[in-house]
Amino acid sequence: MSVKGQLRACSDFLMVGMRAAERANSETSKQVVRKCMDYVELLVRQSENVKAPEVETTLAFVTKAAAELQADEASAIQVISALRNAVGRLQALRSEMKGGEVAPR
40 MSVKGQLRAC SDFLMVGMRA AERANSETSK QVVRKCMDYV ELLVRQSENV KAPEVETTLA
100 FVTKAAAELQ ADEASAIQVI SALRNAVGRL QALRSEMKGG EVAPR
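Read in order, the letters of the sequence shown correspond to residues 40 to 144 in the working numbering.
Given below as structure tokens:
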């Protein structure tokens with residue numbers, strides 16, 4: 040899958056998370072997911088020139104966001120699941136960029 044395709048898939052997972060946060064009416068979850076979406080959208084816009092360190096930074100940010108939401112008992116499990124799926128997509132992209140084998144999904 041292309042870099043842009045991987046990033047779009049990640050963005051789609053985050054959109055699912057945003058919808059789940061809206062259904063749960065959780066302002067904290069919406070803010071966290073929005074920030075993650077902003078990071079990924081920036082990468083999508085520059086997908087032709089994305090480098091592994093940029094993916095690493097975004098991956099670390101989304102991973103931390105998922106951990107923070109998981110620690111918050113009020114966060115909906117669907118939001119956390121969507122963030123984890125986005126993390127998985129970023130990890131696959133990182134592996135591809137470093138020349139590693141991407142684990143099948």
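Note that CB positions come from ideal geometry on N, CA and C, so glycine has one too.
For the alpha helix (DSSP H) containing residue i, name the first residue and the last one.
i: Ser68; result: Glu66 to Arg84
i: Glu107; result: Ala91 to Ala110
i: Met40; result: No alpha helix (DSSP H) contains Met40, which DSSP labels as neither H nor E.
DSSP three-state call for residue i: helix, strand or coil?
i: Pro143; result: Reliability of the predicted coordinates at Pro143 is poor, the pLDDT of 37 falling under 50, and the value obtained from them is presented with this limitation in mind. Coil at Pro143, not helix or strand.
i: Met57; result: helix
i: Gly138; result: coil
What residues in its chain sit with their C-beta under 7 Å from that of residue i, if we drop five residues either side in the sequence?
i: Gly138; result: none
i: Ser68; result: Ala60, Leu108, Ser114, Ala115 and Val118
i: Cys49; result: Val79, Ala125, Arg128 and Leu129
Answer yes or no: do residue i and residue j have a C-beta to C-beta separation smaller than 9 Å?
i: Leu82; j: Leu53; result: no
Enumerate in chain order the residues of its own chain whose CB-to-CB distance from residue i is below 6 Å, with the five nearest sequence positions on each side excluded.
i: Gly56; result: Val72, Val118, Ala121 and Leu122
**Q.** Three CB pairs or more closer than 8 Å across the region 78-95 and the region 108-120
**A.** Contact between the region 78-95 and the region 108-120 is absent, with fewer than three C-beta pairs closer than 8 Å.
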